[in-house]
Amino acid sequence: MFSRGRGRTLMTALVLAGIVLMLFGGARGRPATQAKDQGPTVVFDMEDPAGDDYGPGTYTYPTHKAFAHPGLFDLLRFVVSYDIQNVYFDCTFGEVTNPWNSPEGFSHQLIDIYIDSMRGQGATSPLRPGPNVVFARRFAWDFRIKVIAWGGSRLYTSMDDPDATGVHDGLMAELLPDKKTIRIQVPVALIGKPNPSWSYYVLVGSQDAFGRDDYRPVMEKADRWVFGGGSDLDVDPNVIDILAPGRGLRSQERMLASYNINSGAFALIYPVGKGRAGELSLGLGVLFLILLGVAGFWLVRRKISS
Ligand SMILES: [Ca+2]
Ligand SMILES: [Ca+2]
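At the far end of the sequence shown sits residue 769, using the working numbering, and the numbering has no gaps.
Dropping the structure here:
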């Protein structure tokens, strides 16, 4: 039994709730935390499921004994923080070993971080062939930080040519004292202070000096130095783990399985971060407004029939 005035008040409240939901709803990732004891300020912190170091769900490790350590390519957590001088990207793995004695303390991981820091510009393909993925057009990347051992870590921008040498000065990769976290530090002067609106693609591959852009290939059958469980046609992603939610339309498994052998289309992947939250809450807000329309229609009909 709505009076006209009460109905209008209700509609106004619902419209306002819809707008609030679109603007602020569905936030993902943890909010920025305050700096503790002069330590770096954390701007992004996300866990990745354990045990998903299998690409789209089928990949298996190479058979050489150097790879007989479960968790080498299993990303567990990704944290972005900064202080006055540097931005720190901390990638925690299930296991880190250093059988070939790199000075950085790890031998296996290739961590490829593509950052969308500027809306409306950037690139949707990787800088060079290697990972066999493409990035979502709405989240085109602006910076790429490639992390490998033996002094090979580099910073690139989406303006770089594929054969660009990248920036090495000021970058440092190291294994933190927990022996499971690889940290790459990049001067703030090079990429700016990380903003909570940044989105991240974090790809984990296996460092292979003979692979394209240092990515160890995934084949149909695993061998001493190649992963198995993929395809011998060079379309399947050479990515073993990516930072992604454990379920849903944009889970790792769904995204990395989205390539097409017949057409040659690479897997399409989406980033994580606050930017994605805006997209999700927009979806929720639109759904809310549709429900609002239905409710309004019902109220009007009641009024006409009474
Ligand atoms: Ca993982
Ligand atoms: Ca993952």
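Built from N, CA and C at the ideal position, the CB exists for glycine as well.
{"Item": "What I want to know is whether the C-beta of residue 511 ends up closer than 6 Å to one or more non-hydrogen atoms of ligand 2.", "Value": "yes"}
{"Item": "Which residue comes first and which comes last in the alpha helix (DSSP H) that contains residue 652?", "Value": "651-654"}
{"Item": "Helix, strand or coil for residue 572, going by three-state DSSP, please let me know.", "Value": "strand"}
{"Item": "Cβ of residue 719 within 6 Å of any heavy atom in ligand 1?", "Value": "no"}
{"Item": "Measuring only from the beta carbon, is residue 666 closer than 6 Å to any heavy atom that is part of ligand 1?", "Value": "no"}
{"Item": "Within 10 angstroms of the Cβ of residue 768, are there 16 or more other Cβ atoms? Answer buried if so, exposed if not.", "Value": "exposed"}
{"Item": "In angstroms, rounded to a whole number, what distance separates the CA positions of residue 666 and residue 645?", "Value": "14 Å"}
{"Item": "Please confirm whether any heavy atom of ligand 4 lies closer than 6 Å to the CB of residue 704.", "Value": "Judged by which ligands are present, ligand 4 is missing from the structure shown, whose ligands are ligand 1 and ligand 2."}
{"Item": "Is the region 664-682 close to the region 524-541, with three or more CB pairs under 8 Å?", "Value": "yes"}
{"Item": "Can you give the Cα-Cα distance for residue 592 and residue 691, rounded to whole angstroms?", "Value": "20 Å"}
{"Item": "When DSSP labels each residue in this structure, what does residue 508 get in the three-state scheme?", "Value": "strand"}
{"Item": "Can you confirm whether the region 682-697 touches the region 612-623 when touching is taken to mean that 3 or more C-beta pairs between the two stretches lie within less than 8 Å?", "Value": "no"}
{"Item": "On the three-pair Cβ rule with 8 Å, is the region 499-513 touching the region 537-555?", "Value": "yes"}
{"Item": "Name the one or two DSSP bridge partners that residue 663 has.", "Value": "578, 735"}
{"Item": "Helix, strand or coil for residue 591, going by three-state DSSP, please let me know.", "Value": "coil"}
{"Item": "Going by the beta-carbon positions, is the gap between residue 516 and residue 703 smaller than 7 Å?", "Value": "yes"}
{"Item": "If residue 735 and residue 712 are in contact, beta carbons under 8 Å, what's the gap, nearest whole angstrom?", "Value": "Going by Cβ atoms, the distance from residue 735 to residue 712 rounds to 13 Å, so no, they are not a contact pair."}
{"Item": "Who are the Cβ neighbours of residue 549 in its own chain at under 7 Å, not counting the five residues just before and after it?", "Value": "648, 649, 650, 651"}
{"Item": "Return the first residue and the last residue of the beta strand (DSSP E) that residue 538 is part of.", "Value": "538-545"}
{"Item": "Going by C-alpha to C-alpha distance, which of 606, 574, 555, 586 sits closest to residue 580?", "Value": "606"}
{"Item": "Using CA coordinates, which residue listed in 687, 575, 573, 716 is at the minimum distance from residue 529?", "Value": "687"}
{"Item": "Figure out for me which residue from 714, 674, 708 has the closest Cα to the Cα of residue 697.", "Value": "674"}
{"Item": "From the DSSP secondary-structure annotation, give me the bridge partner or partners of residue 549.", "Value": "650"}
{"Item": "Report yes if the CB atom of residue 708 is closer than 7 Å to the CB atom of residue 596, and no otherwise.", "Value": "no"}
{"Item": "Considering only the alpha carbon of each residue, which of 612, 521, 559, 502 lies closest to residue 681?", "Value": "521"}
{"Item": "Can you list, in chain order, the residues of its chain with a C-beta nearer than 8 Å to that of residue 492? Leave out the 5 residues immediately preceding and following it.", "Value": "Per-residue confidence for residue 492 stands at a pLDDT of 46, beneath the threshold of 50, marking its modelled position as unreliable; the derived number appears in the next sentence. Excluding positions up to five away in sequence, the list reads 507, 508, 509, 735, 736, 737, 740."}
{"Item": "Can you tell me which of the three DSSP states residue 598 falls into?", "Value": "strand"}
{"Item": "Can you find a heavy atom of ligand 1 that lies under 6 Å from the Cβ of residue 537?", "Value": "yes"}
{"Item": "So residue 717 is in the alpha helix (DSSP H); what residue range does that whole segment cover?", "Value": "715-719"}
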